[in-house]
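Down below is the structure, laid out as structure tokens.
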Amino acid sequence: DAKTTQPPSMDCAEGRAANLPCNHSTISGNEYVYWYRQIHSQGPQYIIHGLKNNETNEMASLIITEDRKSSTLILPHATLRDTAVYYCIVRASGQAGTALIFGKGTTLSVSS
Amino acid sequence: DARVTQTPRHKVTEMGQEVTMRCQPILGHNTVFWYRQTMMQGLELLAYFRNRAPLDDSGMPKDRFSAEMPDATLATLKIQPSEPRDSAVYFCASGLDGGALETQYFGPGTRLLVL
Numbered sequence: 058d059a060k061t062t063q064p065p066s067m068d069c070a071e072g073r074a075a076n077l078p079c080n081h082s083t084i085s086g087n088e089y090v091y092w093y094r095q096i097h098s099q100g101p102q103y104i105i106h107g108l109k110n111n112e113t114n115e116m117a118s119l120i121i122t123e124d125r126k127s128s129t130l131i132l133p134h135a136t137l138r139d140t141a142v143y144y145c146i147v148r149a150s151g152q153a154g155t156a157l158i159f160g161k162g163t164t165l166s167v168s169s
Numbered sequence: 213d214a215r216v217t218q219t220p221r222h223k224v225t226e227m228g229q230e231v232t233m234r235c236q237p238i239l240g241h242n243t244v245f246w247y248r249q250t251m252m253q254g255l256e257l258l259a260y261f262r263n264r265a266p267l268d269d270s271g272m273p274k275d276r277f278s279a280e281m282p283d284a285t286l287a288t289l290k291i292q293p294s295e296p297r298d299s300a301v302y303f304c305a306s307g308l309d310g311g312a313l314e315t316q317y318f319g320p321g322t323r324l325l326v327l
């Protein structure tokens, strides 16, 4: 079973920041938080991951609370192409060869 | 731009027929995963391999599904005989065990419809 809880859907206006929350209250010390997204009819796409420090890459920023029980994925300037299902997943470090367990994710709708 | 490729992209078949789906992982990747996606169940893991050896196939119906890696550049998923309830999108993903990002890269999927 997925170890994370996400809202089923969110809306965002184009050009605004999209903040997607994720609860992972049972996360273990060696577990990373991963974010993937799935645009309609495509395979899931890796976005970002982190352990306890905030992370940023060309796609998004990941903010992890100090107690690590929750995190927020931030798309700083959402575009229509960011409309997708966003999955928050926890997985232990050193288990690169283990499968991802997907929950239901958050459907983000970006509108103009 | 390295990508996971899957063939066929679409398949329509009749109940009882054999279906074979193929996946070419990214060159150099040593882990391969098969997932199935339906509206009702979402994304489910079927099987995965590391260095061509099957690690877990507990998600697969054993009586009709089989997954193999004949070589490092090819993974196959077979359904025999197929049933309407097998209609789904089947995704293959590959990764590099111990790689810095520890991420999985997904293919475009095979859309299977069993009539």
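Going down the list, the protein sequences come from chains A and B. Under my numbering, the first residue of the first sequence carries the number 58, and numbering increases by one thereafter. Under my numbering, the first residue of the second sequence carries the number 213, and numbering increases by one thereafter. Glycine included, C-beta positions come from ideal geometry on N, C-alpha and C.
Query	Result
Own chain, CB closer than 7 Å to B:Thr-250, minus 5 neighbours either side, in chain order	Ala-300
Three or more C-beta pairs below 8 Å linking the stretch 258-278 of chain B and the stretch 220-231 of chain B	no
Proximal chain A residues relative to B:Phe-277, where beta-carbon distance stays under 8 Å	Result: empty, since nearest Cβ-Cβ is about 16 Å, beyond 8 Å.
Range covered by the beta strand (DSSP E) that runs through B:Gly-271	Here B:Gly-271 belongs to no beta strand (DSSP E), and DSSP marks it neither H nor E.
A:His-97 - containing beta strand (DSSP E), residue span	Careful: A:His-97 lies outside any beta strand (DSSP E) and carries neither H nor E.
Chain-ordered residues of the stretch 78-106 of chain A with a beta carbon less than 9 Å from chain B	Tyr-89, Tyr-91, Tyr-93, Gln-95, Ser-98, Gln-99, Gly-100, Pro-101, Gln-102, Tyr-103, His-106
Simplified DSSP assignment, three categories, for B:Leu-257	strand
Beta-carbon gap between B:Asp-283 and B:Ile-291 smaller than 8 Å	no
Partners in chain B for A:Leu-157, counting only beta-carbon separations shorter than 7 Å	Gln-316
7 Å CB neighbourhood of A:Thr-140 in its chain, flanking five on each side removed	Leu-165, Ser-166, Val-167
Between the CA atoms of A:Arg-94 and A:Thr-163 - distance to the nearest angstrom	9 Å
Unbroken beta strand (DSSP E) run spanning A:Thr-129, endpoints	127-132
Under 8 Å by beta carbon: chain A residues contacting B:Pro-320	Gln-99, Gly-100
Assigned exposure category for B:Leu-313 - 16 Cβ within 10 Å defines buried	In this predicted model, B:Leu-313 has a pLDDT of only 49, less than 50, meaning its place in the structure is not dependable; the value taken from the coordinates is given anyway. Exposed.
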